[in-house]
Structure formats: structure tokens, C-alpha cells
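*Asks:*
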Amino acid sequence: MISAVGTSILFLASYLFYHYQAGTTRFSGEGLARLFYFVVLTSHTILAMVIVPLVIVTLYLAIRGSFPRHRRIARWTFPLWLYVSVTGIVVYVMLYHLFPTP
Ligand code: HEM
């Protein structure tokens, strides 16, 4: 889990650096695909902000050895983190591969 947090920190740093330079990309899909894309993107973005303090607290409780409290919060952290990871890939595939801007 410490390696997962380490690689996540590296990813976040490179992601922020990339977007600082490249700006944003418009989604060119229409109809149902556009609705699906924005529902996934909105939930992904909100939960990506929520997950940061959750991961820090979950890790802190584990390192401190407070395992009962760690377990209680990890039941939220794990599925939310998984959702944010998977939907990040869904957004990427839809934006750059399924509906690339011409
Ligand atoms: C953010 C990082 C972490 C996440 C998302 C995470 C997630 C989880 C999850 C989902 C469980 C099972 C909860 C349940 O029983 O329903 C768990 C249990 C546990 N985790 Fe973590 N974990 C993290 C970091 C760590 C670290 C760094 C350690 C070691 C220092 C650790 C040690 C443990 C232990 C010992 C248990 C079992 C506790 C018990 O059954 O009393 N975890 N964790």
C-alpha cells in the first residue's frame, strides 16, 4: 500500500505538471456518450478530491498502528480509490481513443 501511495504521488505530480503545460481537451462525442462521459468525469473529479485526505488518514492510522480505526475508514477509502482509478482510465480512453478531437 505504501508503494501504491508512492506511485500515486508520482502520478499526481506528473499529471498536474502535464495539465499546467497542455491545458484542457474538449470532448467531441455527442448524445448518450456525451452524457455518460460527463457523469463519469464529474463523479471522478469530485471523488478524486475526496480521496486525497481519506488516503492520508487511512495511511496515517495504519502507520500509527490504530488498526481498528484504520479498518473502519479503509472500507470507504479502498472502494472509492478503486472507483477513481478505474474511472480515470475510462475518461482517458473515451477522450483520446474512442472520441478523439479531429
Ligand atoms: C492508503 C493505504 C491503505 C488502504 C487503502 C488500506 C486498505 C485496507 C482495507 C480495505 C482493509 C480491510 C478492512 C476490512 O476488514 O474491511 C485493511 C486492513 C488492514 N490494513 Fe490497510 N490499507 C492501507 C495501508 C495500510 C498500511 C500502510 C498498513 C501497514 C502498516 C496496513 C495494515 C493493515 C492491517 C494490519 C489490516 C487488518 C486490520 C485488522 O484486521 O484488524 N494498511 N486495509
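Basically this note's numbering = 1-based index in the sequence shown + 582. Quick reminder that beta carbons are idealized off the backbone N, C-alpha and C, glycines included. Note that the structure is predicted; figures quoted are calculated from it, not measured.
Could you pull out every residue in the same chain whose Cβ sits closer than 8 Å to the Cβ of F649, ignoring the five residues on either side in sequence?
*Replies:* Hits under 8 Å: L643.
*Asks:* With C-beta atoms as the reference, is Y619 less than 7 Å away from G613?
*Replies:* No.
*Asks:* Would you say the segment 633-641 touches the segment 598-612, given that touching needs at least three Cβ pairs under 8 Å?
*Replies:* The segment 633-641, when compared against the segment 598-612, does not touch it at the 8 Å Cβ threshold.
*Asks:* Can the beta-carbon of H601 be found closer than 7 Å to that of V673?
*Replies:* No; because the gap between Cβ atoms is not below 7 Å, this pair is not in contact.
*Asks:* Could you name the residues of the same chain whose beta carbon sits closer than 8 Å to that of H652, not counting the 5 residues immediately before and after it, in chain order?
*Replies:* These residues qualify, in order along the chain: T640, L643 and A644.
*Asks:* If you measure from the CB of L662, is any heavy atom of ligand 1 nearer than 6 Å?
*Replies:* No, Cβ of L662 sits at least 6 Å from all heavy atoms of ligand 1.
*Asks:* Quick check on DSSP: helix, strand or coil for M676?
*Replies:* In this structure, M676 counts as helix in the three-state DSSP scheme.
*Asks:* What three-state label does DSSP hand S585 in the structure shown?
*Replies:* In this structure, S585 counts as helix in the three-state DSSP scheme.
*Asks:* From what residue to what residue does the alpha helix (DSSP H) around S625 run?
*Replies:* Where S625 is concerned, the enclosing alpha helix (DSSP H) stretches over L614 to I645.
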